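Q:
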Amino acid sequence: MIKLNNKGAVLISVYMVLFVLMTLSSSVAMFNFSELRDARRYQDATTAFWLAEAGINQFMADTALLDEADSRTFTEESGTIQLSKNDSDPRYRTVTAKGIVGGSQREIQIRYPVISSIFERTISTKGDMLIEGIKSSLIVNDKLRLSGSVVNTSA
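Taking the working numbering, the leading residue of the sequence shown gets 2, the next gets one more, and so forth.
#1: Kindly provide the ranges of any beta strand (DSSP E) runs that are 3 or more residues long and lie completely inside the stretch 20 to 83, ordered along the chain.
#2: State the Cα-Cα distance for the pair residue 34 and residue 27, rounded to the nearest angstrom.
#3: What does DSSP give as the partner residue(s) for residue 14 in the beta ladder?
#4: Where does residue 56 land, buried or exposed, given buried means 16+ other C-beta within 10 angstroms?
#5: Rounded to whole angstroms, what's the CA-CA distance from residue 13 to residue 29? Just pull it up for me.
#6: Buried or exposed: which applies to residue 98, given that a residue is buried once 16 or more other Cβ atoms fall within 10 Å of its Cβ?
#7: Please name the residue or residues paired with residue 99 in a DSSP beta bridge.
#8: Would you report the Cα separation of residue 90 and residue 110, rounded to the nearest angstrom?
#9: Among 78, 3, 24 and 21, which one has its Cα closest to the Cα of residue 48?
#10: Give me the DSSP bridge partner(s) of residue 141.
#11: Cβ of residue 93 within 9 Å of Cβ of residue 73?
#12: Measure the Cβ-Cβ separation of residue 66 and residue 85 and say whether it is below 9 Å.
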């Protein structure tokens with residue numbers, strides 16, 4: 002009977018088990034890093050969207066913000082807001098707000114009608130209207146458009 006030396010087979014088996022464990026642990030680590038990177042991108046994209054929304058809200062609070070220049074840039078803690086306008090159509094103004102955070106950018110665009118200056122001091126109604134004051138009142142039935150200036154004679 003011949004005796005076999007199995008000492009080398011145990012060492013090879015241990016190396017194979019270690020290789021499998023290292024492969025599994027490195028794949029788990031790569032998956033975790035990938036998930037972390039994706040979560041950061043999602044956070045940046047969401048923050049960029051809300052910065053763009055804040056830019057639109059800032060413009061809506063002060064519509065004269067872009068009267069002097071075609072674009073403005075605001076820097077916030079978490080990123081940058083870029084506002085720009087397009088007045089190529091005289092009936093509408095298009096305002097674009099871009100939020101930039103890291104490598105992510107999100108844009109929001111609004112379009113609204115530009116009101117002509119001839120309607121600055123105008124009251125317009127499609128139906129009945131009642132204006133009451135201390136000394137007099139006015140009732141208008143049907144359509145009406147009044148323009149001019151208000152003069153206070155009670156002073």
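Quick reminder that beta carbons are idealized off the backbone N, C-alpha and C, glycines included. These figures come from a predicted structure and were not determined experimentally.
A: Result, derived from the coordinates:
#1: Whole beta strand (DSSP E) segments, 3+ residues: 72 to 76.
#2: In the sequence shown, residue 34 corresponds to position 33, counting from 1. In the sequence shown, residue 27 corresponds to position 26, counting from 1. Residue 34 and residue 27: Cα-Cα distance of roughly 11 Å.
#3: Within the sequence shown, residue 14 is the residue found at index 13, counting from 1. Under the DSSP definition of a beta bridge, residue 14 lacks any partner.
#4: Along the sequence shown, one-based indexing puts residue 56 at 55. Looking at its Cβ environment, which holds 16 or more other Cβ atoms inside 10 Å, residue 56 is buried.
#5: Here the question's residue 13 lines up with position 12 in the sequence shown. Here the question's residue 29 lines up with position 28 in the sequence shown. The alpha-carbon atoms of residue 13 and residue 29 are separated by roughly 24 Å.
#6: The residue you call residue 98 lines up with position 97 of the sequence shown. The residue in question, residue 98, is buried, as its Cβ has 16 or more Cβ neighbours within 10 Å.
#7: Residue numbering aside, residue 99 sits at position 98 when the sequence shown is read from its first letter. Paired residues: 83 and 108.
#8: Position 89 of the sequence shown holds residue 90. Position 109 of the sequence shown holds residue 110. Their backbone Cα atoms lie some 15 Å apart in a straight line.
#9: On the sequence shown, position 47 is the one that residue 48 refers to. In terms of CA proximity to residue 48, 78 leads the group 78, 3, 24 and 21.
#10: In the sequence shown, the residue the question calls residue 141 occupies position 140. According to DSSP, residue 141 shares a beta bridge with 130.
#11: In the sequence shown, residue 93 corresponds to position 92, counting from 1. In the sequence shown, residue 73 corresponds to position 72, counting from 1. The criterion of a C-beta distance shorter than 9 Å is not satisfied by residue 93 and residue 73.
#12: Position 65 of the sequence shown, counting from 1, holds the residue named residue 66. Position 84 of the sequence shown, counting from 1, holds the residue named residue 85. Cβ atoms of residue 66 and residue 85: not closer than 9 Å.
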